[in-house]
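Peer 1: I'd like to ask some things about the structure below.
Chains as they are written, first to last, in the working numbering: chain Y, 1 to 325; chain W, 1 to 127; chain H, 1 to 169.
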């Protein structure tokens with residue numbers, strides 16, 4: 001009897017010890033792609049996995065950023081006059097291919113060649129200005145995703161003025177990469193926040209679901225409109241409140257409609273998409289704001305995407321589609 | 001089978017003991033939080049490297065290499081100066097709870113309260 | 001387990017108690033959500049543990065508890081919930097056995113202390129797993145919750161034991 005209990009106690013202690021060490025926590029923040037990235041990783045090797053994540057962020061920034069002058073994409077956009085096709089890296093090709101896919105299925109409402117237009121609108125100054133109609137119509141001539149072609153790792157352009165901006169999907173693409181990396185390292189608990197795009201690996205270290213709040217549009221930062229519980233999924237919001245300025249009594253926000261050249265006006269303040277595919281959720285949240293809720297629902301039904309969406313209209317009334325997760 | 005009773009007078013002592021223990025722990029928590037404002041530690045990240053960790057109970061003003069200047073006062077942190085074009089960080093007010101942060105994107109500066117506060121029961125906010 | 005194990009009556013009752021404890025775990029898992037603080041549960045299994053402690057000793061109680069935690073843990077929980085339960089139960093059984101031995105306390109007080117100790121055990125594990133939690137404040141809440149649920153458990157156990165004693169003659 002005595003022996004059995006000594007043995008039991010030892011097993012108990014080992015179990016406890018093992019669990020304690022199995023769930024170390026490592027967290028870090030940094031600024032990449034012009035956004036704040038917060039990552040929290042739990043696991044045996046949390047510190048190493050965390051730095052692995054930031055290494056990926058660093059290399060992705062050097063690949064996908066349209067604004068970093070040393071990035072691969074910047075060099076592609078600033079190719080020499082006669083250069084119609086450029087050989088690019090696997091990662092960039094993959095991201096451009098995703099971008100072209102979402103440009104096509106959304107019928108150009110989401111367009112990765114929007115850079116000449118988005119470059120006109122500067123939301124990051126203290127004295128912002130609305131560009132003139134002439135400037136906008138001029139820029140619109142340079143926006144057309146159908147004039148970009150991807151063949152393997154070669155991207156070719158029909159027009160020297162076409163430039164690519166992956167801002168609409170880069171965050172989703174990177175968080176999918178981070179998730180893939182963490183899973184390959186055997187991580188079962190991590191949360192990644194790429195400037196408000198929240199993505200999760202597994203569950204909380206105690207096994208429960210992650211709880212993610214959804215920012216209320218135009219309310220103070222941290223004001224939560226609704227919360228969702230996710231396991232392995234992501235929660236991405238896009239909204240007119242993220243970056244905007246007002247001139248007179250008109251509000252100009254950063255989600256630009258490539259058909260008109262002006263900020264989208266579809267009766268929505270915000271769309272929050274949750275699902276398992278980070279890149280899809282990122283692209284779709286922007287597409288929803290650009291299309292409005294009815295057209296978005298049609299698109300989702302047509303493509304059969306497995307997502308749950310919260311539409312918040314300009315009265316700050318929220319509706320879940322098809323239902324709250 | 002042992003003898004047993006529903007309630008005996010010394011049980012009151014047990015309740016008293018646990019009540020006091022809980023009260024003590026509450027007070028300790030309240031004190032340790034109060035001692036450093038509401039959070040206790042501020043982590044400053046500059047150019048994606050940790051620049052320093054500061055105690056919120058010590059009032060001070062610190063100038064970073066980027067020119068950004070922040071102030072710790074009464075357990076609250078606020079950016080008082082930045083030379084960037086939008087100066088969002090200066091306009092974003094003060095922070096004191098765990099998980100809150102002030103960010104200067106153009107200069108790659110993050111001020112984040114990392115330890116000690118009650119914090120939020122949310123893991124993250126999608127925005 | 002040695003000569004005593006040959007007593008079929010005792011073996012049957014222990015098996016029955018273990019089954020009860022597992023069912024209690026299942027009943028708890030059925031309740032969809034608990035208000036307020038994570039980690040707070042009614043602790044129905046502790047009824048069985050307390051009854052075992054009075055009928056037998058800490059050894060039997062520990063055995064029943066261990067089998068219960070592993071069974072319930074693998075069915076409804078994970079490695080973390082198992083480690084929380086283990087730490088809580090071991091400490092609770094320890095304190096309750098000690099208080100029973102003094103013969104000075106009633107079931108309500110004993111069980112309340114067990115409940116509080118359960119909370120302390122959980123917090124020790126939580127502190128190792130999630131060092132960022134506000135340890136002291138959280139422990140206080142778990143202790144208070146443990147006293148309340150523990151007292152209830154004591155009351156129910158008393159009613160059960162009264163009847164068991166009558167049955168046993």
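Cβ atoms here follow ideal geometry from the backbone N, Cα and C, with glycine treated the same way. Since the model is a prediction, treat every value here as computed from it, not as a measurement.
#1: Where do the N-terminal and C-terminal ends of the alpha helix (DSSP H) with residue 85 of chain H fall, by residue?
#2: In its own chain, which residues sit with a C-beta less than 6 Å from the C-beta of residue 62 of chain H, not counting the 5 before and 5 after it?
#3: Please check if any C-beta of chain C sits within less than 7 Å of the C-beta of residue 41 of chain W.
#4: List, from N- to C-terminal side, the beta strand (DSSP E) runs of 3 residues or more that fit wholly inside the region 220-307 of chain Y.
#5: Would you report the Cα separation of residue 80 of chain Y and residue 164 of chain Y, rounded to the nearest angstrom?
#6: Name, please, each residue of chain H whose Cβ falls closer than 9 Å to the Cβ of residue 131 of chain Y.
#7: Based on Cα-Cα distance, which residue from Y:49, Y:73, Y:225 and Y:200 lies nearest to residue 278 of chain Y?
#8: Quick one: measure Cβ to Cβ for residue 30 of chain Y and residue 45 of chain W, integer angstroms, because I've assumed they're closer than 8 Å.
#9: Assign residue 85 of chain Y to one of three DSSP states: helix, strand, or coil.
#10: Using Cβ-Cβ distances below 7 Å, what residues of the region 52-70 of chain H are close to chain W?
#11: Please tell me whether residue 40 of chain H and residue 112 of chain H are closer than 7 Å, where the distance is taken between their beta carbons.
#12: Per DSSP, what kind of secondary structure is residue 14 of chain H in: helix, strand or coil?
#13: At what residue ranges does the region 106-149 of chain Y contain a whole run of the alpha helix (DSSP H), taking only runs of 4 or more?
#14: Does DSSP put residue 4 of chain W in a helix, a strand or coil?
#15: Just to check my reading of the structure: residue 318 of chain Y and residue 276 of chain Y have Cβ atoms closer than 8 Å, yes? What is that Cβ distance to the nearest angstrom?
#16: Which of the three DSSP states, helix, strand or coil, is assigned to residue 323 of chain Y?
#17: Using a Cβ-Cβ cutoff of 7 Å, what residues of the region 113-129 of chain Y are near chain W? List them in chain order.
#18: Got a sec? Which residues, its chain only, sit under 6 Å from residue 224 of chain Y by beta carbon, not counting five neighbours each side?
#19: Kindly list the residues whose CB is nearer than 6 Å to the CB of residue 147 of chain Y, restricted to its own chain and excluding five residues on each side of it in sequence; keep chain order.
#20: Report back the beta-carbon spacing between residue 48 of chain W and residue 104 of chain W to the nearest angstrom; my notes put them in contact at under 8 Å.
#21: Taking 7 Å as the limit between beta carbons, can you name the residues of its chain near residue 191 of chain H, skipping five residues before and five after?
#22: Work out the CA separation of residue 24 of chain H and residue 42 of chain H for me, nearest whole Å.
#23: Note down the Cα distance separating residue 48 of chain Y from residue 28 of chain Y, rounded to an integer number of angstroms.
#24: For the beta strand (DSSP E) containing residue 55 of chain W, list its first residue and its last residue.
#25: How about residue 97 of chain Y and residue 150 of chain Y: do their beta carbons lie closer than 7 Å?
#26: Pull out every residue of the region 198-218 of chain Y whose Cβ sits closer than 8 Å to any Cβ of chain H, in chain order.
#27: Can you tell me whether residue 9 of chain H is buried or exposed? The criterion is at least 16 other CB atoms within 10 Å of its CB, across all chains shown.
#28: Short of 7 Å in beta carbon distance, which residues of its chain neighbour residue 120 of chain Y, apart from the five on each side in sequence? Order them along the chain.
#29: For residue 8 of chain W, go through chain H and note every residue whose CB falls closer than 8 Å to its CB, in chain order.
#30: Say whether the region 243-252 of chain Y touches the region 185-205 of chain Y, bearing in mind that this needs 3 or more beta-carbon pairs closer than 8 Å, one atom from each stretch.
#31: Of all the residues that make up the region 136-150 of chain H, which are near chain W by a beta-carbon distance shorter than 7 Å?
#32: Could you work out which residue in Y:171, Y:92, Y:173 and Y:33 is closest to residue 155 of chain Y when comparing CA atoms only?
#33: Please identify the residue among Y:36, Y:283, Y:90 and Y:125 whose C-alpha is closest to the C-alpha of residue 195 of chain Y.
#34: Going by DSSP, what residue range makes up the alpha helix (DSSP H) through residue 50 of chain Y?
#35: Give the single residue among Y:128, Y:187, Y:313 and Y:210 whose Cα lies nearest to the Cα of residue 329 of chain Y.
#36: According to DSSP, is residue 47 of chain H part of a helix, a strand, or is it coil?
Peer 2: Here's the rundown:
#1: Note, residue 85 of chain H: alpha helix (DSSP H), 79-102.
#2: For residue 62 of chain H, the CB contacts under 6 Å within the same chain, skipping 5 residues up- and downstream, are 93 in chain order.
#3: Protein chains Y, W and H are contained in the structure displayed, whereas chain C is not.
#4: Counting only runs of 3 or more, we get 224-230, 234-239, 244-247, 250-253 and 268-275.
#5: One C-alpha to the other measures close to 15 Å.
#6: For residue 131 of chain Y, there are no C-beta contacts with chain H under 9 Å, since the nearest C-beta of that chain is about 47 Å from it.
#7: Residue Y:200 is the option with its Cα nearest to residue 278 of chain Y.
#8: Cβ-Cβ separation between residue 30 of chain Y and residue 45 of chain W: approximately 7 Å, consistent with a contact (criterion under 8 Å).
#9: In this structure, DSSP gives residue 85 of chain Y an extended state, which the three-state scheme calls strand.
#10: Within the region 52-70 of chain H, those residues whose Cβ lies closer than 7 Å to any Cβ of chain W are, in chain order, 54 and 55.
#11: Not a contact, by the Cβ cut-off of 7 Å.
#12: Helix.
#13: The region 106-149 of chain Y contains these whole alpha helix (DSSP H) runs: 115-118 and 133-140.
#14: Assignment of residue 4 of chain W by DSSP, reduced to helix, strand and coil, places it in the coil class.
#15: Actually they do not touch by this definition, with Cβ atoms about 22 Å apart.
#16: Three-state result, residue 323 of chain Y: coil.
#17: With the criterion set as a beta carbon lying under 7 Å from some beta carbon of chain W, the members of the region 113-129 of chain Y are 124, 125 and 126, in sequence order.
#18: Taking C-beta separations shorter than 6 Å and ignoring five residues to either side along the sequence, the partners of residue 224 of chain Y in its chain run 213, following chain order.
#19: Its chain contains 158, 159 and 162 as the residues whose beta carbon lies nearer than 6 Å to that of residue 147 of chain Y, once the 5 sequence neighbours on both sides are disregarded; these appear in chain order.
#20: Contact between residue 48 of chain W and residue 104 of chain W does not hold, since the beta-carbon distance rounds to 13 Å and is not under 8 Å.
#21: Summary: the structure shown does not reach residue 191 of chain H, with chain H confined to residues 1 through 169, and so no result is reported for it.
#22: Their backbone Cα atoms lie some 10 Å apart in a straight line.
#23: Taking the Cα positions, residue 48 of chain Y is about 12 Å away from residue 28 of chain Y.
#24: 49-55 is the extent of the beta strand (DSSP E) around residue 55 of chain W.
#25: In this structure, residue 150 of chain Y lies closer than 7 Å to residue 97 of chain Y by Cβ.
#26: Residues of the region 198-218 of chain Y with a Cβ closer than 8 Å to any Cβ of chain H, in chain order: 205, 206, 207 and 208.
#27: Per the 10 Å Cβ criterion, exposed.
#28: Result list for residue 120 of chain Y: 131, 135, 136 and 139, in chain order.
#29: In chain order: 104, 105, 106 and 109.
#30: Taking 8 Å as the limit for Cβ pairs, the verdict is that the region 185-205 of chain Y does not touch the region 243-252 of chain Y.
#31: The residues in question are 136, 137, 139, 140, 143, 144 and 147.
#32: Taking only the C-alpha atoms, the option nearest residue 155 of chain Y is Y:92.
#33: Per the Cα distances, Y:36.
#34: Counting along the chain, the alpha helix (DSSP H) containing residue 50 of chain Y begins and ends at 46-64.
#35: The requested residue 329 of chain Y does not occur in the structure, where chain Y is confined to residues 1 to 325.
#36: Residue 47 of chain H falls in the helix class under three-state DSSP.
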